[in-house]
Amino acid sequence: MAYQVIARKWRPQTFREVVGQRHVTQTLENAITQKRLAHAYIFCGTRGVGKTTTARILAKCLNCVKGPTATPCNECEACREITAGSSLDVLEIDAASNRGIDQIRELREMVRYAPASGRYKVIILDEAHQLTDEASNALLKTLEEPPEKVVFILATTRPEDLVDTIKSRAQLFQFRSLTFQEIAAALEHIVKEEKLEIEPGAIAVLARAAEGSLRDGLSLLEQAIAYSGDKIMDAQVRELLGVVAEEVLDDLIVAIADRSAEKALQLVQRLHAEGHNLQHFCREAIRHMRNLLVAKVSGAESPLIAAPTDERPRLARQSEQFSEEDLTRFFQILIATDDDLRRKPDPRLHLELGLLRLVNSARLAPLEEVIAELRGEGPARPSSASRQTSASSIKTNAAVMAAGTTQTTPQAMASTAAPERAAPLPASAPRVIAKTAEKQFSGLATAQLEAIQSALQDQQKFLWSMVEHASRWELAGGEMNLYFPPESRALAEMLQARDPMEKLRTVLSTVMGQPLRVCVKLDSGRNSAPRASELRARFEEDPIVRAMLERFGGKISEVKRRSED
Ligand SMILES: Nc1ncnc2c1ncn2[C@@H]1O[C@H](COP(=O)(O)OP(=O)(O)O)[C@@H](O)[C@H]1O
Ligand SMILES: [Mg+2]
Ligand SMILES: [Zn+2]
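The sequence shown begins at -5 in my numbering and counts up one residue at a time.
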């Protein structure tokens, strides 16, 4: 397969070439030079981040003619054999496919005989968490009386599934997912060495799609080469991966900033006419909005932004036009739109509705201006002075919004809220706050979680009744981690059985459109969802809530997590 070519060709052959795992390679280099090698290592981390690569380099360090050395020569016979995968001293076992105890027995036999020629035997066990209990026990016996000159490297994406007795006898290294910048730089380097031409925008698209895995990045690059040849154009890569041009996103931002429903509708018309997948567009818009939000909160130089350097001034400019509150609201609207697009039959209609909501929500009185005024700070931004309140907006504070600015509209001046009269809280405000108190998720959007929920409810009601107790969802790389609060331990254990796990994996992979590993974990408690009392305390302390209560009267009757309603 073509993909093998680049990923294999560019497999790092020295520790220095390994990207982004210096904390691991440095420690291994030190262990070698100080002759303090462990008998067993656990390399954990998601797929395609350098675990196998590092394991093979370590094998070379040990068996190079110049070795043990932290800088193997890569020229001697031992080095070359290890690179080629033909060394008898290095054994790679895929625990996922050889799950039987036989292999481990064989391995123990092999290990028993000291390696010929004084070399090290290096045993690399891939997907080590998949070993059967019996195989783990056999391995453990070997680790209890570690033979001279044998080094085990257990590579796994799920270290928590390894038995503790094995873990306690091994040194554990956590490989991290690679950043957008690291992947982009690596791709750029390889493209240059391969004497290919690639547009910077194309690199960015590939690096984003790699989602932290350099192997995935290389595989996508390989596909792009197959598709475009030696000159890889931004537009072609976008076409290949179904990603819209950045200018389309710029147009969306202009439509929102101008509050132009017409521009928004024209945009949908254009995407439709050009045959774009509207759902893909929506996802891109979400990504872009997230970047703007991060730019607003942490600055455009933030490493949290998945964008190349030359795109950052543009993000900074765009984010300046809106407040953090605005951007958060836009983000939420897009996520809800994405959900509609996924579930409902007419994507064009729902995208139009979604974009109209975006445009209209830019007209609403921004909450923080109300708050700023309540605090006596005056409106945060004069630019929104000309905004009009719409029916669903906070009618009573129209005057607040307009006060202190130069261009007040007559309607805005017309009404003033009587603070002592208890008005219902505007729906938009508490929802924003409640979000922080509800279940935590990282790596996946609310809409995705909701899609998962509806799929499970449709297909596996019973499974959902267990899964819904998860307090934290975490999607990273190809892995979905579900954290359960300590009081749901029994549920978590039930879920871990093979059958429900398999069903869950199938449903999640289908909904998310990618093969996923699913991991059930117990939450340490520190990060778990707050208790109701804490929730209430947090809510009461929230400056926005307090200002709202002061302004509109009323009291907090009950604070609920979103999941409870
Ligand atoms: N940290 C990294 N630095 C450089 N290349 C990497 C890195 N991680 C992955 N790669 C590329 O991806 C390929 C597969 O990586 P591999 O080490 O097998 O990943 P893992 O074992 O973590 O799944 C390598 O051949 C290499 O081309
Ligand atoms: Mg591997
Ligand atoms: Zn060598």
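Using N, Cα and C, we set each Cβ at its ideal position, and we do this for glycine too. As the structure is a computational prediction, the values presented were derived from the model and not from experiment.
is_contact[L272, chain D] using C-beta, thresh 8 Å:
Included in the structure is just one protein chain, with no chain D present.
Taking a contact to mean a Cβ-Cβ separation below 8 Å, would you say D120 touches A149 in this structure?
Your numbering for residue 120 matches position 126 in the sequence shown. Your numbering for residue 149 matches position 155 in the sequence shown. The answer is yes: Cβ separation under 8 Å.
Got a sec: does ligand 2 put a non-hydrogen atom nearer than 7 Å to the Cβ of A89?
As a position in the sequence shown, residue 89 is number 95, starting the count at 1. Not under cutoff, so the answer is no.
Helix, strand or coil for E205, going by three-state DSSP, please let me know.
Counting from 1 along the sequence shown, the entry for residue 205 is found at position 211. Coil, per DSSP.
For F169 versus Q15, is the C-beta spacing smaller than 8 Å?
Here residue 169 refers to the residue found at position 175 when the sequence shown is read from its first residue. Here residue 15 refers to the residue found at position 21 when the sequence shown is read from its first residue. Yes; because the gap between Cβ atoms is below 8 Å, this pair is in contact.
D120 Cβ short of 7 Å to ligand 2 heavy atom set
Taking the sequence shown and counting its residues from 1, one reaches residue 120 at position 126. Yes, the beta carbon of D120 sits closer than 7 Å to at least one heavy atom of ligand 2.
Across which residues does DSSP place M474 in a beta bridge pair?
Sequence index remark: in the sequence shown, residue 474 carries index 480 (1-based). As computed with DSSP, M474 is found in a beta bridge with L469, V512.
I'd like the list of long-range same chain contacts for V515, defined as Cβ closer than 8 Å, with 5 residues on each side in sequence excluded.
The sequence position of residue 515 within the sequence shown is 521, counting from 1. What sits at residue 515 in the sequence shown is Lys, not Val. Once the five neighbours on either side are set aside, the close Cβ partners of K515 are E154, N475, L476, Y477, F478, A486.
Cβ neighbours of E278 in the same chain (closer than 7 Å, five flanking residues each side left out)
Your numbering for residue 278 matches position 284 in the sequence shown. These residues qualify, in order along the chain: V237, V238, L243.
Quick one: what does DSSP say Y221 is sitting in, helix, strand or coil?
Numbered from 1 along the sequence shown, position 227 holds the residue referred to as residue 221. Helix.
Within the continuous alpha helix (DSSP H) that includes E462, where are the two ends?
Here the question's residue 462 lines up with position 468 in the sequence shown. From DSSP, E462 is part of no alpha helix (DSSP H); its letter is neither H nor E.
What are the start and end residues of each continuous beta strand (DSSP E) run of 3 or more residues lying completely inside the stretch 130 to 195, in chain order?
144 to 150, 165 to 168
Secondary structure of A301, DSSP reduced to three states:
Position 307 of the sequence shown, counted from the first residue, corresponds to residue 301. Looking at A301 - three-state DSSP - the assignment turns out to be coil, as it is neither helix nor strand.
State whether the stretch 127 to 136 contacts the stretch 0 to 7, with contact taken as three or more CB pairs (one from each stretch) at a distance under 8 Å.
No: the two stretches stay apart, fewer than three of their Cβ pairs being nearer than 8 Å.
Please list, following the chain, all residues that have a C-beta closer than 5 Å to any non-hydrogen atom of ligand 3.
C58, P66, C67, C70, C73
At the level of alpha carbons, what is the spacing between L457 and A439?
For the purposes of this step, residue 457 is taken as residue 463 along the sequence shown, with counting starting at 1. For the purposes of this step, residue 439 is taken as residue 445 along the sequence shown, with counting starting at 1. One alpha carbon belongs to L457, the other to A439, and they sit about 21 Å apart.
Start and end residues, alpha helix (DSSP H) containing F275
Within the sequence shown, residue 275 is the residue found at index 281, counting from 1. Note, F275: alpha helix (DSSP H), 272 to 292.
For R152 versus H123, is the C-beta spacing smaller than 8 Å?
For the purposes of this step, residue 152 is taken as the residue at position 158 of the sequence shown. For the purposes of this step, residue 123 is taken as the residue at position 129 of the sequence shown. Yes. Within cutoff.
Around the C-beta of R202, are 16 or more other C-beta atoms found within 10 angstroms, so that it is buried, or is it exposed?
Here residue 202 corresponds to residue number 208 of the sequence shown, with the count starting at 1. In summary, R202 is buried, with 16 or more beta-carbon neighbours lying within 10 Å of its beta-carbon over all protein chains present.
What are the start and end residues of the beta strand (DSSP E) that includes L119?
On the sequence shown, position 125 is the one that residue 119 refers to. L119 -> beta strand (DSSP E) spans 115 to 120.
Quick one: Cα of L82 to Cα of D224, how far?
Numbered from 1 along the sequence shown, position 88 holds the residue referred to as residue 82. Numbered from 1 along the sequence shown, position 230 holds the residue referred to as residue 224. Near 39 Å, if we compare the C-alpha coordinates of D224 and L82.
For D252, which of N68, F316, P62, R532 has the nearest alpha-carbon?
Here residue 252 is taken as the residue at index 258 of the sequence shown, counted from 1. D252 has its Cα closest to that of F316, out of N68, F316, P62, R532.
Only counting runs of 3 or more residues, tell me where the beta strand (DSSP E) segments fall wholly within the stretch -1 to 74, in order along the chain.
34 to 38
May I have the straight-line CA-CA distance separating A218 from I226, to the nearest angstrom?
In the sequence shown, residue 218 corresponds to position 224, counting from 1. In the sequence shown, residue 226 corresponds to position 232, counting from 1. Looking at the two C-alpha atoms, the distance is approximately 7 Å.
With three or more beta-carbon pairs closer than 8 Å as the criterion, would you say the stretch 283 to 300 touches the stretch 340 to 351?
no
Mind listing which residues have their beta carbon within less than 5 Å of any non-hydrogen atom of ligand 1? Chain order is fine.
A1, W4, R5, P6, V12, V13, R41, G42, V43, G44, K45, T46, T47, L208, R209
With 16 as the cutoff for other CB atoms within 10 Å, does T27 come out buried or exposed?
In the sequence shown, residue 27 corresponds to position 33, counting from 1. Taking all protein chains shown into account, T27 has fewer than 16 neighbouring C-beta atoms within 10 Å of its C-beta and is therefore exposed.
Do P341 and L272 have their beta-carbon atoms positioned less than 8 Å apart in this structure?
Stepping through the sequence shown from its first residue, residue 272 is reached at position 278. Stepping through the sequence shown from its first residue, residue 341 is reached at position 347. Taking 8 Å as the Cβ cut-off, L272 and P341 qualify as a contacting pair.
Cβ separation of P302 and A198, assumed to be a contact under 8 Å, to the nearest whole Å
Start at 1 with the first residue of the sequence shown, and residue 302 comes out as number 308. Start at 1 with the first residue of the sequence shown, and residue 198 comes out as number 204. The pair is a contact, with the Cβ atoms about 5 Å apart (cut-off 8 Å).
Taking 7 Å as the cut-off, is the CB of A204 close to at least one heavy atom of ligand 2?
As a working note, residue 204 is residue 210 in the sequence shown. No; taking the cut-off as 7 Å, the Cβ of A204 has no heavy atom of ligand 2 nearer than that.
If you drop the 5 nearest sequence neighbours on each side, which residues of the same chain put their C-beta closer than 7 Å to that of D88?
The residue you call residue 88 lines up with position 94 of the sequence shown. D120, E121.
According to the Cβ coordinates, are A129 and Y35 closer than 8 Å?
Position 135 of the sequence shown holds residue 129. Position 41 of the sequence shown holds residue 35. No.
Take V18 as the anchor and find which of A1, T40, V(-1), T48 has the nearest alpha-carbon.
Taking the sequence shown and counting its residues from 1, one reaches residue 18 at position 24. Nearest of A1, T40, V(-1), T48 to V18, Cα basis: T48.
Straight-line gap, I280 to D332 (C-alpha atoms, nearest Å):
Numbered from its first residue, the sequence shown carries residue 280 at position 286. Numbered from its first residue, the sequence shown carries residue 332 at position 338. Those two C-alpha atoms are separated by around 9 Å.
Please report the residue range of the beta strand (DSSP E) in which F435 lies.
Taking the first residue of the sequence shown as position 1, residue 435 is located at position 441. Start and end: 434 to 436.
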